[in-house]
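Undergrad: Sharing a structure below in structure tokens format, with a few things to ask.
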Amino acid sequence: MFHIRGVVLPDGRQQDLWIEGDRISLTPVEGARTLDGAFVVPGLVDAHCHPGIGVDGPVALDEAAAQAETDRDAGTLLIRDCGVPIDTRPLQRRDDLPRIIRSGQHISLPKRYIPNLGLDLDHPEQLPDAVTEQALAGDGWVKLVGDWIDRGVGDLAPLWPDDVLADAVKAAHDAGARVTAHVFGEAALPGLIDAGIDCLEHGTGLDRELLDRMAAQGTALVPTLINIENFPGIADQAAKYPTYAAHMRALHAGVGDMIGEAIDAGVDIYAGTDAGGMVAHGKLPDEVSALHHAGMPAERALGAASWAARAWLGYDGIDDGAPADLVVFDADPREDLDVLRRPGHILLRGRLVG
1 MFHIRGVVLP
11 DGRQQDLWIE
21 GDRISLTPVE
31 GARTLDGAFV
41 VPGLVDAHCH
51 PGIGVDGPVA
61 LDEAAAQAET
71 DRDAGTLLIR
81 DCGVPIDTRP
91 LQRRDDLPRI
101 IRSGQHISLP
111 KRYIPNLGLD
121 LDHPEQLPDA
131 VTEQALAGDG
141 WVKLVGDWID
151 RGVGDLAPLW
161 PDDVLADAVK
171 AAHDAGARVT
181 AHVFGEAALP
191 GLIDAGIDCL
201 EHGTGLDREL
211 LDRMAAQGTA
221 LVPTLINIEN
231 FPGIADQAAK
241 YPTYAAHMRA
251 LHAGVGDMIG
261 EAIDAGVDIY
271 AGTDAGGMVA
281 HGKLPDEVSA
291 LHHAGMPAER
301 ALGAASWAAR
311 AWLGYDGIDD
321 GAPADLVVFD
331 ADPREDLDVL
341 RRPGHILLRG
351 RLVG
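The letter at position 251 of the sequence shown is residue 251 when you use UniProt numbering, and the numbering goes up by one with no holes.
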């Protein structure tokens, strides 16, 4: 049992909280241990994370657990896995690891994504059935590969016909799941948005017209800015495909302007690191800072990795009876986002884990 007194975000009110079992209580609990701290934030959220992927592809379950521990120790208490090639359900049963929302495997086509990570279909027309299977096997999300380099074209290109995408998104919605898609370039975006997709990952090719459409229909964006920083290095390794390399450099150069346009358009933006592979785990504070540097106000950037992201994913913030997933800081992270790198206390399911 714990007692915390501090400024509770996002409301900004000084408040007393008690932790009894795995729940928050606004009623005093006798004998509770008082924890020092000044600002209390709902558990942080990495909305694009891959516990189960390493630099060489799929990893063993014990390494995936270590990745999740690294995220937890940085204050991330909720993960949307956004596509993982291994079965992470055993991690969900561990009380000491972040809560994980599984999205199943990436759905792609042969030679159109990173080897050994996705579920490669023989034909695009199989997409609706594959989406239904992944929706029923996951936790309410399905992940598509929307575009990738087509070596025959020498550049980024869409994977799916527009009519197939529309059928696939409808199939997911009929199964009670939402759909998101990896997409870097411009060409795949209209079809994905027209299909009614719920979220886009990266979205570096978005323009103002598409962003306005996303805002109007409630399509979210998880831009993974710290992973976009890898685009120049990817381009450097793609000398065989000069058009693709130049395209990746241009997308990298324009991402800051795209985020500014997304903010102005009113698109819902959430923080995701794309940890696993090219990005190390535990980097969520870096992503929050990157969003802020791209023009998002500090408090909104914090919310994109905390209370706003939790609400979007169907999880409670700080309220009476809510799960006790909290991060306590000595200083106000709204005034200095670097405070996120120094959590004072981390409580997960009511247990002190950091």
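All C-beta atoms, glycine included, are put in the ideal place defined by N, C-alpha and C.
In this text, all values refer to a predicted model and were calculated from it rather than measured experimentally.
Mapping the DSSP letters down to three states, classify R13 as helix, strand or coil.
TA: Along the sequence shown, read from residue 1 onward, the residue named residue 13 stands at position 13. Of the three classes helix, strand and coil, the one that applies to R13 here is strand, per DSSP.
Undergrad: Whose C-beta lies closer than 8 Å to the C-beta of D71 among residues of the same chain, with five residues either side of it excluded?
TA: Counting from one through the sequence shown, the residue named residue 71 turns up at place 71. Cβ within range, chain order: D46, C49, P51, I79, P98, A275, H281, G282, L284.
Undergrad: Starting from the Cα of G83, find the closest Cα among T180, D264, P232, G104 and give me that residue.
TA: Taking the first residue of the sequence shown as position 1, residue 83 is located at position 83. It is G104.
Undergrad: Can you give the Cα-Cα distance for A66 and A130, rounded to whole angstroms?
TA: In the sequence shown, residue 66 corresponds to position 66, counting from 1. In the sequence shown, residue 130 corresponds to position 130, counting from 1. Between A66 and A130, the C-alpha separation is close to 30 Å.
Undergrad: Take every Cβ of the stretch 151-169, pair it with every Cβ of the stretch 236-254, and state whether three or more of those distances are shorter than 8 Å.
TA: The stretch 151-169, when compared against the stretch 236-254, does touch it at the 8 Å Cβ threshold.
Undergrad: Over the uninterrupted beta strand (DSSP E) stretch that includes D96, give me the two end residues.
TA: Counting from one through the sequence shown, the residue named residue 96 turns up at place 96. No beta strand (DSSP E) holds D96; DSSP gives it neither H nor E.
Undergrad: Measuring only the C-alpha atoms, how far is P115 from V179?
TA: Within the sequence shown, the letter at position 115 stands for residue 115. Within the sequence shown, the letter at position 179 stands for residue 179. Distance between the alpha carbons of P115 and V179: 22 Å.
Undergrad: Between the C-alpha atoms of A265 and R33, what's the straight-line distance to the nearest angstrom?
TA: Along the sequence shown, one-based indexing puts residue 265 at 265. Along the sequence shown, one-based indexing puts residue 33 at 33. Cα to Cα, A265 sits roughly 46 Å from R33.
Undergrad: Once DSSP output is grouped into helix, strand and coil, what is the label at H50?
TA: The residue given as residue 50 occupies position 50 in the sequence shown. Note: H50 maps to coil in three-state DSSP.
Undergrad: Helix, strand or coil for V339, going by three-state DSSP, please let me know.
TA: By one-based count along the sequence shown, residue 339 stands at place 339. Residue state, collapsed to three classes: helix.
Undergrad: For G321, count the other beta carbons within 10 Å of its own beta carbon; 16 or more makes it buried, fewer makes it exposed. Which is it?
TA: Position 321 of the sequence shown, counted from the start, is the residue given in the question as residue 321. So G321 counts as exposed.
Undergrad: Let me know if R342 comes out buried or exposed under the rule of 16 or more other beta-carbons within 10 Å of its beta-carbon.
TA: Taking the sequence shown and counting its residues from 1, one reaches residue 342 at position 342. The residue in question, R342, is exposed, as its Cβ has fewer than 16 Cβ neighbours within 10 Å.
Undergrad: Are L159 and D147 close, meaning C-beta to C-beta below 8 Å?
TA: The residue given as residue 159 occupies position 159 in the sequence shown. The residue given as residue 147 occupies position 147 in the sequence shown. Result yes, Cβ atoms of L159 and D147 sit closer than 8 Å.
Undergrad: Could you check whether the stretch 204-216 touches the stretch 243-261, counting it as contact only if at least three pairs of C-beta atoms, one from each stretch, sit closer than 8 Å?
TA: At 8 Å Cβ cutoff, the stretches touch.
Undergrad: Would you report the Cα separation of E229 and A311, rounded to the nearest angstrom?
TA: Stepping through the sequence shown from its first residue, residue 229 is reached at position 229. Stepping through the sequence shown from its first residue, residue 311 is reached at position 311. The alpha-carbon atoms of E229 and A311 are separated by roughly 28 Å.
Undergrad: Taking DSSP as the reference, what is the three-state secondary structure of I197?
TA: As a working mapping, residue 197 is identified with position 197 in the sequence shown. I197 falls in the coil class under three-state DSSP.
Undergrad: Assuming L165 contacts A195 (C-beta within less than 8 Å), just tell me the rounded distance between them.
TA: Within the sequence shown, the letter at position 165 stands for residue 165. Within the sequence shown, the letter at position 195 stands for residue 195. Between A195 and L165 the Cβ distance is about 4 Å, and since that is below 8 Å, they are a contact.
Undergrad: Which value, in whole angstroms, describes the spacing of the CA atoms of A181 and E201?
TA: Residue mapping note: residue 181 aligns to position 181 of the sequence shown, counting from 1. Residue mapping note: residue 201 aligns to position 201 of the sequence shown, counting from 1. If you take the alpha carbons of A181 and E201, they lie about 6 Å apart.
Undergrad: Whole angstroms is fine: what's the gap from D56's alpha carbon to G277's?
TA: Taking the first residue of the sequence shown as position 1, residue 56 is located at position 56. Taking the first residue of the sequence shown as position 1, residue 277 is located at position 277. Answer to the nearest angstrom: the Cα atoms are 7 Å apart.
Undergrad: For a test of the three-state rule: what should DSSP assign to K170, helix, strand or coil?
TA: The residue labelled residue 170 in the question sits at position 170 within the sequence shown. Note: K170 maps to helix in three-state DSSP.
Undergrad: For the alpha helix (DSSP H) that A181 lies in, which residues bound it at each end?
TA: For this step, residue 181 is matched to residue 181 along the sequence shown. Element bounds for A181: not the alpha helix (DSSP H) but the beta strand (DSSP E), 178-183.
Undergrad: Using the DSSP secondary-structure output, state which residues sit across from T34 in a beta bridge.
TA: The residue labelled residue 34 in the question sits at position 34 within the sequence shown. Beta-bridge pairing links T34 to H3.
Undergrad: Mapping the DSSP letters down to three states, classify W141 as helix, strand or coil.
TA: The count along the sequence shown starts at 1 and reaches residue 141 at position 141. Note: W141 maps to strand in three-state DSSP.
Undergrad: Can you name the start and end residues of the beta strand (DSSP E) that T70 belongs to?
TA: Locating residue 70 in the sequence shown gives position 70, where the first residue counts as 1. No beta strand (DSSP E) contains T70, which is instead part of the alpha helix (DSSP H) from 61-73.
Undergrad: Do you know how far the Cα of G254 is from the Cα of L91?
TA: Position 91 of the sequence shown, counted from the first residue, corresponds to residue 91. Position 254 of the sequence shown, counted from the first residue, corresponds to residue 254. Each residue's alpha carbon lies about 38 Å from the other.
Undergrad: Closest by CA to I269, which one among W18, S289, G191, A301?
TA: As a working mapping, residue 269 is identified with position 269 in the sequence shown. Measuring from the Cα of I269, the nearest candidate turns out to be A301.
Undergrad: What are the residues that DSSP puts in a beta bridge with A275?
TA: Position 275 of the sequence shown holds residue 275. Partner(s): C49.
Undergrad: Tell me the rounded alpha-carbon separation between I346 and V328.
TA: Your numbering for residue 346 matches position 346 in the sequence shown. Your numbering for residue 328 matches position 328 in the sequence shown. Cα to Cα, I346 sits roughly 6 Å from V328.
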